[in-house]
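Under the working numbering, the first residue of the sequence shown is numbered 63, with each subsequent residue one higher. Okay, so here's the structure we're looking at.
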Amino acid sequence: RGDLRIIRSMGANAVRLYGNDPSLDHRDFLDEAYRQSLDVILGFSDYPYIQMMGNCAMTDFNCYSQVKQQYRLNLQNGLLTASEDGRIQYHPALRTVILMNEPDLKIRPLSQPKHFCKALVSAFDAVLDAEKETGVAPMKGDSLPNFTATFSFAVCGACAQFPDKPAIGQMWELRQAMMNPQSVGYEAKNDLWDAFRTRFVNSFNTANPAADIRPLFLDAYDVHFLGTPVFIGEYHSPDVANSQGEDLVAALDLARDDSALLQGLSFFEFQVRYDKGGSEMAFGMFGLGAKVIDTITIQHREFKVRCLAPMLPPEEQMATALARKCGLMEAGVAYTVATDEWTHLSIGVKDADGCCSMCQRTPRCKAWTWSEDIYGGAECKMKGERPAESQGRIAKAGFVSGVPPARQLDFRENVLPRLKSEDRRSFVPQAVAEAYGGVGIDYGSLCDAAALTLYMFA
């Protein structure tokens, strides 16, 4: 399908990945990225931290053994290559490794610095030892990938510094823990402070418009984090529907400013995440096309590979979302479910209507609960089953809960039904290509929307 070629044609010089499976070989992907002159920003999955049996939460947030095992597999499955003189070195396409994405929103209790800092310093210690054990032998002049932890753009009220600034408080706490790992209850095996100063960069995700970045974050960061670059791991503000191109240019201008420490941004994201649903579906530049162009087998399962179809302009997607209707809504009630087998938590959903709409757009959601001002921001929690019959509805002030009506979800809903040349100027991919200065997309490689309809009944 040529995804990396398309990304490069839009002017990007790097691609960010999420949640790789270390048991799979990634060498072919890295080789293709290198051929396309794309750096790779590799992300750890949440598996060793909060998902696997014996995860970090079960070892008092000491993630050393779990992360070292995962990273050793990664190194052995494509991240390393042999130089001409036989030395083991990193693949030249690998630029940065993200130890964890939004740890402040995943390590519970949420936004508690000691817990997420212990998890991260122990993970950093682990990857350094994994390098040694797999024989990484850099020489003077060799480049090594940087490491980072990508924080959310939430404020950290429990952080000792910058409790009213998004992301900076978390970064300050992590830097203190790297200087003194014992302060968070961890005995380091390596000189983490030295490694932090030479190989660590900061990063954060944001859906805020570019105008917010300097006053909310960058002005303070440039003063207090001299010598440590920072990048935006996820940037996209769907709310600026009529000026996405202008907002992206403004964000890139911040990164081009040599007086600032912001190095760049990753535009979020390439393809719609149909599997996640909800508000996540507002971000993808491309949806699934009608034509099946290939199949791929991953761990003995065969998947169809469809061509890409451009998403409708954001304002048209928003109009579709606003047209949806909510089902049952109960004010002053919190829902509990029997198994909690599937849940999805979103922070910053401003009202119950927004939570209801997210549930309606998410195939797996069968009930939802919205609450105001929890951990510094309103929460929307979607659940994969209806509330338990016994004690499934709990009276709680400030909570609203509900279930969606029976609904039909059409994946074509927000995808351009038929591609015409005059549509191009309104596409987000076109805005991205123009802002990044890319040569432009070959629209002949794209196709009409897929006839995929999913029927879901709550």
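Beta carbons are placed, not taken as given, at the ideal position from N, Cα and C, and that holds for glycine.
Checklist entry - Looking at the unbroken alpha helix (DSSP H) that takes in S71, where does it start and where does it end? => result Sequence index remark: in the sequence shown, residue 71 carries index 9 (1-based). Taken as a continuous stretch (DSSP letters only), the alpha helix (DSSP H) holding S71 covers 65-71.
Next on the checklist: For T298, count the other beta carbons within 10 Å of its own beta carbon; 16 or more makes it buried, fewer makes it exposed. Which is it?
Outcome noted: Mapped onto the sequence shown, residue 298 falls at position 236. Going by the sequence as given, residue 298 is His instead of Thr. Buried, since its Cβ has 16 or more Cβ neighbours within 10 Å.
Checklist entry - Around the C-beta of F365, are 16 or more other C-beta atoms found within 10 angstroms, so that it is buried, or is it exposed? => result In the sequence shown, counting from the first residue as 1, residue 365 sits at position 303. Classification for F365: exposed.
Item to check | Euclidean distance between Cα positions of V465 and V395 | outcome: Counted from its first residue, the sequence shown places residue 465 at position 403. Counted from its first residue, the sequence shown places residue 395 at position 333. Going by the C-alpha atoms only, they are around 12 Å apart.
Checklist entry - Roughly how many angstroms separate the alpha carbons of G499 and R261, rounded to a whole number? => result Against the sequence shown, residue 499 aligns to sequence position 437. Against the sequence shown, residue 261 aligns to sequence position 199. Distance between the alpha carbons of G499 and R261: 29 Å.
Checklist entry - Taking the continuous alpha helix (DSSP H) assigned at N31, which residues delimit it? => result For the chain, the structure presents residues 63 to 520; residue 31 sits outside this window and is missing.
Item to check | Distance, R423 Cα to R335 Cα | outcome: Residue numbering aside, residue 335 sits at position 273 when the sequence shown is read from its first letter. Residue numbering aside, residue 423 sits at position 361 when the sequence shown is read from its first letter. About 12 Å.
Next on the checklist: Can you give me the C-alpha to C-alpha distance between N208 and A257, rounded to a whole angstrom?
Outcome noted: Position 146 of the sequence shown holds residue 208. Position 195 of the sequence shown holds residue 257. Each residue's alpha carbon lies about 10 Å from the other.
Next on the checklist: Just to confirm before moving on: does the CB-CB distance between R43 and I360 stay below 8 Å?
Outcome noted: Coverage of the chain is limited to positions 63 through 520, which leaves residue 43 absent and any answer about it impossible.
Checklist entry - Taking 7 Å as the line, does the beta carbon of H362 fall inside it for any heavy atom of the ligand NAD? => result Among the components modelled here there is no ligand, and therefore nothing to report on the ligand NAD.
Next on the checklist: If I measure Cβ to Cβ from A188 and keep anything under 7 Å in the same chain, skipping five residues before and after, which residues do I get?
Outcome noted: Here residue 188 is taken as the residue at index 126 of the sequence shown, counted from 1. Cβ within range, chain order: C125, Y126, V129, K130, Y133.
Checklist entry - Which partner residues of G389 appear in the DSSP bridge assignment? => result For the purposes of this step, residue 389 is taken as residue 327 along the sequence shown, with counting starting at 1. Partner residues in a beta bridge of G389, as assigned by DSSP, do not exist.
Checklist entry - In chain order, what residues of the same chain lie with their CB nearer than 6 Å to the CB of H177, ignoring the 5 residues before and after it? => result As a working note, residue 177 is residue 115 in the sequence shown. Taken in chain order, the residues that qualify are F123, I169.
Checklist entry - If we ignore side chains and look at the alpha-carbon of each, how far apart do C427 and K445 end up? => result Mapped onto the sequence shown, residue 427 falls at position 365. Mapped onto the sequence shown, residue 445 falls at position 383. In this structure, the CA atom of C427 is about 5 Å from the CA atom of K445.
Checklist entry - Does the distance from the C-beta atom of S265 to that of V285 stay below 8 Å? => result Here residue 265 is taken as the residue at index 203 of the sequence shown, counted from 1. Here residue 285 is taken as the residue at index 223 of the sequence shown, counted from 1. Contact flag unset, no.
Item to check | Inter-residue spacing [alpha-carbon to alpha-carbon] between L86 and R70 | outcome: Here residue 86 refers to the residue found at position 24 of the sequence shown. Here residue 70 refers to the residue found at position 8 of the sequence shown. Near 24 Å, if we compare the C-alpha coordinates of R70 and L86.
Item to check | Coil, strand or helix - C369 by DSSP | outcome: Taking the first residue of the sequence shown as position 1, residue 369 is located at position 307. Here C369 sits in strand by DSSP.
Checklist entry - Would you call A155 buried or exposed, if buried means 16 or more other Cβ atoms sit within 10 Å of its Cβ? => result Here residue 155 is taken as the residue at index 93 of the sequence shown, counted from 1. With 16 or more Cβ atoms within 10 Å of its Cβ, A155 is classed as buried.
Item to check | Cβ-based neighbour list, C62, same chain, cut-off 7 Å, excluding 5 preceding and 5 following | outcome: Here the chain comprises residues numbered 63 to 520, so residue 62 is not present and cannot be evaluated.
Item to check | Cβ neighbours of M114 in the same chain (closer than 8 Å, five flanking residues each side left out) | outcome: One-based indexing of the sequence shown puts residue 114 at position 52. Excluding residues within five positions, the ones whose Cβ falls inside 8 Å are Q128.
Next on the checklist: Along the chain, where does the alpha helix (DSSP H) containing Q132 start, and where does it finish?
Outcome noted: Within the sequence shown, residue 132 is the residue found at index 70, counting from 1. Per DSSP, the unbroken alpha helix (DSSP H) holding Q132 starts and ends at 126-136.
Checklist entry - Whose CA, out of V494, W255, G506, L100, lies closest to the CA of D309? => result For the purposes of this step, residue 309 is identified with residue 247 of the sequence shown, where counting begins at 1. Per the Cα distances, V494.
Item to check | Nearest-angstrom Cα separation, counted from A414 out to D83 | outcome: One-based indexing of the sequence shown puts residue 83 at position 21. One-based indexing of the sequence shown puts residue 414 at position 352. For D83 and A414, the distance between alpha carbons rounds to 36 Å.
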